[in-house]
Each structure stands twice: as C-alpha cells, then as structure tokens.
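Protein chains in written order, with this note's numbering: chain Z, 1 to 244; chain C, 245 to 615.
Backbone N, C-alpha and C fix where the C-beta goes; we use that ideal spot for every residue, glycine too.
Keep in mind it's a predicted model, so treat the numbers as computed, not measured.
Inspection log for the structure reproduced underneath, given as structure tokens.
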C-alpha cells in the first residue's frame, strides 16, 4: 500500500492513516522530489513540468520494491499521479484510492473545475511572494508537541518544508494539469473519497471523477476541507478499509 | 499624591489590541474576531462570524491555507510568521504576518485555531525589494563569473597557441647559427633574435602560469622528496651568473634533510627571485642565496643590497601585473612575484619580504613534508 502526498505538504500527511494499515499491508511512504526530505538535487524542472514526471517516479519506486497488485492511496494531485502510474504499470497498481481528486482544476467549457486561469496565476504570484514562509530554511522551529503523541518522532523534523521555487513549479504542474481524458481508461479498482466544503476539489469534481471511472466507488465524507487524512484520519481509514 | 494607575480592561485589550485577533472553529469557520481586525477589513464582525476563513484571504492565500498551512497546523499545533494577504471589503489587499496555534481541550480535542495578525505593508515591500536585489546580484555575479572564466580560458589558449610559432622561430634561428655561414653582422642579428625569442618564451610561460593559478585549480605540483635540492639551486645560480656575468652571486646552502617539493617549480621560484635581485639590486653589492632545512621547514632567502622597497609597494608586490614604480626601464609583465607566491601557496608555504637600507630579503618557507 503506497501513500502519496499532494501539493503543499509531505509524507507526514499520511502518518496517522498509514499506521492503521501497517499490520495488514506492507506500507510505503515517500516524499515527491522537491518536497519534504527528498533529494533536492534530483529535481529536474523539465521532468517535473507535468505530472508524468511524478508518475514515472512512482513506477520507479514500485519497480525497485518489486510491487505487484498494490493499493495506491493518493491525496489531492497525487490521486491523478497514481492514475497515470496505474495506466502505465497496470500490473503494479490494482487499486486506486483517490482522496480529494481533481483531473482538471481550471473551468473549461461546460466543465467546472472550480478555478479560473486568472486565479491560478494569482496563486503562483502568491507563492512567489510568500517565499519566506515556504522556504525550507525558514521552516518554523518545532517546539515539541506532547499532546500529540501519535505524531511521535516525526516532530523532530520540519514538516512540509518545500523549496519555494520548486513549490511554484509544482503548483504550475498541478493546477494547470488536465487529465480528464485519462479517467475512462483507468482499469484499477477505484475509490473516490470526497470531502465537504473543499475549495480545492469541490463535490461536483469528485462526482465527475466517479462518473468517468467505470465501476468506481464514491464516498462523500463528513470531513470538511481538503485534508481529511489530517482532519479526520479515522473516517478516511474506515473508508479505505471497507474498500480494500 | 498621584492618580491610581488605571487597571487594564481585558475585553478592551482584546477588541482594541494593536494587532488583529481571529479564532477559527476546527472546520475553519470564524468564531471570534476583534475590532482592530474588522477595522482593517472594513467589515462588521456580524457579517464574518460563521464564515470560512477563506473569505478573508486572497485566492493564493486560500490555496496555501488548505494545502500547506492547515496541514502544518494539524501536524505541529502551531505555525509562525505566515505571510498572508487579507482582502479588504473594497477588494484591496492588506499584507499581514500571522502566527497561528491550535487550542486543544483537556481531552485533546481541537477547540479553536487562534491567529494573531500584524499589518506588514512596509515589511512586505522591503522583502520584495530584498528579493529583487538578491536576484539582481545573483545575475550580476553569474555574468561576472562567466566573463572571468572566458577571459582566463582565452589567456590559456592564447599562451598555448603562441608556443608553437615561437618554437618554430627558435628552431629556425638555431639552424641558421649551426648550419649556415653568416656574416659577422648576421651572427649578431641571430644572437639578438635568439635572446628575444628566449624573453618571449619566458613571458608566455609566465602568462600560462598566471592563467593556471587563476583558473581555480592552482599550479599542479610534481613533488619529489628523494632527489637532492642543492644541485637544482646551484644550477639556477649558475644560469644567472651566465646571464649577468658582472654580478657577484654567493650561495650558502645547508640542506641536510629531504624536501618534498616540485623541484622544477622551486627552481622557477628561486630563478624569479634571483632575477629580481639582479634587476633591482645595487650592482656593486653581492647577491646572497641562502637555503636551509631547519625545524621541519625548508627556508630559501635571496638577499640583495640597494634602494629599499617602499612600504606602500610591499603590500602589492605579490599581486599580478604589479611592477615596482622604482624604475620604468624594466621589462616584463609584472607576473614574476605573483607566480612566486602561487608556487609558495601550492607547496603550503609562505613568502615574506623585508627591506631596509641595509638589504632587501625575500624569504620562502615551506614545511619539509605536506601536512
């Protein structure tokens, strides 16, 4: 079972949910190149200009570990990264769990993604401005958090540290992606987990994904916002467990 | 009697604090906001309560909140120094710096997320100016570095390409001398050509050494600790005696320990120092070459009499293209002492100069074996 984080954070997003599956699955967590504690020197702006570069990395990880019929759990943009990987390596990934997926963030024709092109441009501008807050060097010092023991040793590290320039390029690759045409080709068993009041991936987008992937399951969570893996880990865990 | 100090009103402190206060429910909805903040926003608190925090944020801020800041808060419990833009009722933006912390109940349940906000208009402008200045400086430095690499490559290539025609000239003059019957005048011209070619070759070698020293990798050394150094130095002195037959050059060598050095480079160093002593020293006074191994070091000094080097000039002696202003008639590029100091540096050694009315002494010191 591979857990893949989305834009803006790192593998720590999955710590709590992943732990629930450690007994029954071989659990794999990783940071996408450019995020968390990945090797920043491996970042190649051309390779990672589109989601294909990230999907190639997933396949490479799967090959290195000899994975077959794995469950790929992808949050946010990683849902599509997993979908692309499953199309290219169908033997490797048999099940897809998409948490807050969106195949296309920008509205186009009759399709509602929730974003206008100008808004995505504004986001990129914001990331350029907010370079200090996103800088790995400026990642806030962590004072320890004794009331959250479930996060354990991870607290010794800085979370979600991202090189600001890479964050901007990942945002561009994410929010200008359009993988709608790939959805009907997905053969892996798929579960779509949709949150309420998610401004990144609104309900209509989750329903669209569900409708486009033949035979997929769809669960509307009670959780609100875009990160149910953190805000409602029990609900996410239960939904995944029922599916696998 | 002074008036009793007024007691602080906590409600008033909250509402009219010199910073914005904002409390969110776990689902991100606004549950409390102070008057300072609503004043900045140009909106009444009533119309904000119960709304998601998104309505206060610019679009980019909303995405960052959902994808980065909210997860960070969940993971860490607190996030400091966020740069956010708030939206004023009229659509304009208010740059703020915010600290945020989760407030949890006794059972560990998430009660609120509290934010403290400070206006940061000037700070943001300053940060932008800093980033722009940094980008500009980086671009400039990159350009300069590229230019300097090209310049030094140019010098190195030029030096190499000049060697071949010079070698052809040298061979031609040698053939004329050895195999042709020249008139007395022809022989004189050939000798002068030979000397001119020798000077040109020496200049080219100096330029090449300069380029090597400045290309970053420094001078390469072929160290040899076994071969004796004394004969090498004697040969340098003999060559100089041949070039300057009128000058008295004394040697005092006491080398009883092996010296792990590049002998050709040490010969070059000694030759450059000796050449300077011949050129700049008082021709009526002898030049002394001292070399000794003592206390783990190899020490080589070249001493001459004459006009002392002015203190101001001493500071620049070892810089490239520096020529003493003492006399303008001297030839050369001003690379001799720069190369001497590069050779010293490559050996982990030092160069020192002492100059008085009595004598001018250049001293090279290096460890007998590399550290």
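Fewer than three beta-carbon pairs drawn from the region 16 to 30 of chain Z and the region 87 to 95 of chain Z are found closer than 8 Å, and the two stretches are therefore not classed as touching. Here residue 68 of chain Z has 91 and 92 as same chain residues with Cβ atoms under 7 Å from its own Cβ, once five neighbours each way along the sequence are excluded. No residue range can be given for residue 111 of chain Z, since it is assigned to no alpha helix (DSSP H) and is classified by DSSP as neither H nor E. One finds 311, 312, 315, 316 and 319 in chain C with Cβ atoms closer than 9 Å to the Cβ of residue 9 of chain Z, taken in chain order. Proximity of residue 169 of chain Z to chain C, defined by a Cβ-Cβ separation below 8 Å, is not satisfied. For the 8 Å CB-CB criterion, residue 477 of chain C and residue 533 of chain C form a contact. Non-local C-beta neighbours of residue 124 of chain Z in its own chain, meaning closer than 7 Å and more than five positions away in sequence, comprise 168, 171 and 172, ordered along the chain.
Residue 37 of chain Z sits in coil when the DSSP states are folded into three classes, being neither helix nor strand.
Residues of chain C whose Cβ lies closer than 8 Å to the Cβ of residue 224 of chain Z are, in chain order, 271 and 272. DSSP lists C/533 and C/606 as the beta-bridge partner residues of residue 546 of chain C. Scanning Z/202, Z/15, Z/74 and Z/39 for the CA closest to the CA of residue 114 of chain Z turns up Z/202. In this structure, residue 257 of chain C keeps its C-beta atom at 8 Å or more from the C-beta atom of residue 361 of chain C. Across the structure, residue 78 of chain Z and residue 346 of chain C are spaced so that their CA atoms are roughly 27 Å apart. Taking 8 Å as the upper bound for CB-CB distance, residue 493 of chain C and residue 455 of chain C are not in contact here, some 31 Å apart. Straight across, the Cα-Cα distance linking residue 227 of chain Z with residue 315 of chain C is about 7 Å. For residue 205 of chain Z, the enclosing alpha helix (DSSP H) begins and ends at 203 to 212. With 16 or more other CB atoms across the displayed protein chains lying within 10 angstroms of its CB, residue 484 of chain C is buried. Interface annotation, residue 200 of chain Z: in contact with chain C, CB-CB separation under 8 Å. With 16 or more other Cβ atoms from the protein chains shown falling within 10 Å of its own Cβ, residue 585 of chain C counts as buried. Residue pairing for residue 516 of chain C: DSSP places it in no beta bridge. Contact between the region 398 to 416 of chain C and the region 434 to 443 of chain C is present, with at least three C-beta pairs closer than 8 Å. Nearest CB-CB separation between residue 3 of chain Z and chain C: not below the 8 Å threshold. Take the alpha-carbon of residue 511 of chain C and the one of residue 480 of chain C: they are about 6 Å apart.
Contact annotation for residue 227 of chain Z against chain C: 310, 311, 314, 315 and 318 [CB-CB distance below 9 Å, chain order]. In the DSSP assignment, residue 324 of chain C falls outside any alpha helix (DSSP H) and within the unbroken beta strand (DSSP E) covering 322 to 331. Three or more beta-carbon pairs drawn from the region 524 to 531 of chain C and the region 542 to 551 of chain C are found closer than 8 Å, and the two stretches are therefore classed as touching.
For the region 102 to 120 of chain Z, the beta-carbon criterion of a distance under 7 Å to any beta-carbon of chain C is satisfied by 119. According to DSSP, residue pairing for residue 595 of chain C in a beta bridge involves C/608. For residue 204 of chain Z, no Cβ of chain C is located within less than 8 Å of the residue's own Cβ. Taking C-beta atoms under 8 Å as the contact rule, residue 223 of chain Z and residue 232 of chain Z qualify, at a distance of about 4 Å.
In this structure, the alpha-carbon of residue 497 of chain C lies about 54 Å from that of residue 383 of chain C. Beta bridge pairing from DSSP links residue 296 of chain C with C/273. Shown here for residue 286 of chain C: same chain residues with a beta carbon closer than 8 Å to its own, the five before and five after excluded, namely 332, 333 and 334 in chain order. C/277 is the residue among C/307, C/277, C/281 and C/406 whose C-alpha sits nearest the C-alpha of residue 294 of chain C. Pairing residue 51 of chain Z with residue 98 of chain Z gives a Cβ-Cβ distance that is not under 8 Å. Under the DSSP definition of a beta bridge, residue 49 of chain Z lacks any partner.
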